């Protein structure tokens, strides 16, 4: 069986659990509790020298790291992969956008404002305005797209939507005001209504 | 013909030019000079609301943004795409790693230390230690991989190598000491020896 090296609270790990549930792919979960430092220990670094979860461990002992690459791996040949070369590239476009322009601000704000202690947050306080400015810019780009389209790529629900749903749906925990983005809010409901949807907090 | 909205000095744009050269795909280049602000103007934002190059414009009027997604689009069905589902996912893994853990420090350090004015750099001076620490961590992850493998994915030269070559080969312009990473240096030479290789500065 596939093993997912997982951190329950991580939106990046949630994306993989959500796709696997919807594709009915069984996973064995290996949990790395938030703040435990387990992903920086030699045993884990031997599996992923970059020291990050999610990490997918295959039955043959191979590994795939990075949520976007794991989503692509699981979705190849399934209904979660957009049809056609252009739509596949556009799904990847939004997944790269998520990792470069969205996650480093929206996920990071959520981590420090929601999951870390107030004491730890104090050292990061000066970064909050930048997280919010850049995170809101990313939400603005999504809003512009979603005011004209139901989905991010290929006119269908796909791994691009799962990728962007991962942290967008929890952006309020990072101090973002989602009601400023009505098309994003409608899309969030559309995603949550898909067959087999599970919540971030749901146990496996 | 495909149109590449291009900034000559950008490593992200260079990746696309390099792959297109090696695949012998003709491109018409539309240049956005560094510092011109052209990518933030309404005419360009109508093409890519995220305001970034590279942007590929297709003959049918469609667009693909994000260097990693453009590389994937150009390489599908060619020798630059690793064979097999796992190798394709591992190529994407390294391309996501590049955009999340490498480019934001190595490319950004190069931009401010190499391309911007000393006056502009002054406002960013306090960020240099973080860029160098995180950029060196990324180079360390590459070094670990390359000490055991010739290429990043599927045991062949691929878009994963092009993606990581884009800024790694110019990391010295960001103040990085590449000679600290001997396996990376050997790999840089291996990439530059590939058929059809062109330099970042080479005109189209």
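Protein chains in written order, with this note's numbering: chain B, 1 to 204; chain H, 205 to 408.
Ideal placement from N, C-alpha and C gives every residue a C-beta, glycine not left out.
Since this is a predicted model, take the numbers as computed values, not measurements.
Using 8 angstroms as the limit for Cβ to Cβ distance, is residue i near chain H?
{"i": "residue 148/B", "result": "no"}
{"i": "residue 14/B", "result": "no"}
{"i": "residue 46/B", "result": "no"}
{"i": "residue 38/B", "result": "no"}
{"i": "residue 212/B", "result": "Outside the shown range of chain B, which is 1 to 204, sits residue 212/B, and nothing can be said about it."}
{"i": "residue 141/B", "result": "yes"}
{"i": "residue 132/B", "result": "no"}
{"i": "residue 197/B", "result": "no"}
Please list, in chain order, the chain B residues whose beta carbon lies closer than 7 angstroms to that of residue i.
{"i": "residue 305/H", "result": "50"}
{"i": "residue 280/H", "result": "85"}
Answer yes or no: does any C-beta atom of chain B fall closer than 8 angstroms to that of residue i?
{"i": "residue 273/H", "result": "yes"}
{"i": "residue 276/H", "result": "yes"}
{"i": "residue 393/H", "result": "no"}
Exposed or buried, which one is residue i when buried takes at least 16 other CB atoms within 10 Å?
{"i": "residue 133/B", "result": "exposed"}
{"i": "residue 156/H", "result": "With chain H represented from 205 up to 408, any question about residue 156/H goes unanswered, as that position is not in the structure."}
{"i": "residue 252/H", "result": "buried"}
{"i": "residue 323/H", "result": "exposed"}
{"i": "residue 101/B", "result": "buried"}
{"i": "residue 71/B", "result": "buried"}
{"i": "residue 380/H", "result": "buried"}
{"i": "residue 15/B", "result": "buried"}
{"i": "residue 378/H", "result": "buried"}
{"i": "residue 406/H", "result": "exposed"}
{"i": "residue 232/H", "result": "exposed"}
{"i": "residue 244/H", "result": "exposed"}
{"i": "residue 34/B", "result": "exposed"}
{"i": "residue 107/B", "result": "buried"}
{"i": "residue 50/B", "result": "buried"}
{"i": "residue 67/B", "result": "buried"}
{"i": "residue 179/B", "result": "exposed"}
{"i": "residue 42/B", "result": "exposed"}
{"i": "residue 145/B", "result": "buried"}
According to the Cβ coordinates, are residue i and residue j closer than 8 angstroms?
{"i": "residue 96/B", "j": "residue 364/H", "result": "no"}
{"i": "residue 110/B", "j": "residue 167/B", "result": "yes"}
{"i": "residue 259/H", "j": "residue 206/H", "result": "no"}
{"i": "residue 223/H", "j": "residue 296/H", "result": "no"}
{"i": "residue 64/B", "j": "residue 10/B", "result": "no"}
{"i": "residue 400/H", "j": "residue 212/H", "result": "no"}
{"i": "residue 170/B", "j": "residue 200/B", "result": "yes"}
{"i": "residue 31/B", "j": "residue 6/B", "result": "yes"}
{"i": "residue 294/H", "j": "residue 357/H", "result": "yes"}
{"i": "residue 262/H", "j": "residue 229/H", "result": "no"}
{"i": "residue 105/B", "j": "residue 84/B", "result": "no"}
{"i": "residue 347/H", "j": "residue 385/H", "result": "yes"}
{"i": "residue 298/H", "j": "residue 240/H", "result": "no"}
{"i": "residue 343/H", "j": "residue 369/H", "result": "no"}
{"i": "residue 265/H", "j": "residue 86/B", "result": "no"}
{"i": "residue 194/B", "j": "residue 157/B", "result": "yes"}
{"i": "residue 17/B", "j": "residue 198/B", "result": "yes"}
Taking residue i as the query, report the chain H residues whose CB atoms sit under 7 angstroms from its CB, ordered along the chain.
{"i": "residue 227/B", "result": "Chain B is shown from 1 up to 204; residue 227/B falls before or after that span and cannot be answered."}
* Residues from the region 359-386 of chain H in contact with chain B, defined by Cβ distance under 8 angstroms -> Within the region 359-386 of chain H, not one residue has a Cβ closer than 8 angstroms to any Cβ of chain B.
* What residues from the region 222-240 of chain H come within 7 angstroms of chain B, judged by C-beta to C-beta, listed N to C? -> Here the close residues number zero.
* Listed from N- to C-terminal order along the chain, which residues in the region 84-100 of chain B have their beta-carbon within a distance smaller than 7 angstroms of any beta-carbon of chain H? -> Within the region 84-100 of chain B, the residues whose Cβ lies closer than 7 angstroms to some Cβ of chain H are 85, 86, 89, 90, 92, 93, 96, 97, 99, 100, listed in chain order.
* **Where the region 319-331 of chain H meets chain B: residues whose CB sits under 7 angstroms from a CB there** => Along the region 319-331 of chain H, none of the residues has a CB nearer than 7 angstroms to a CB of chain B.
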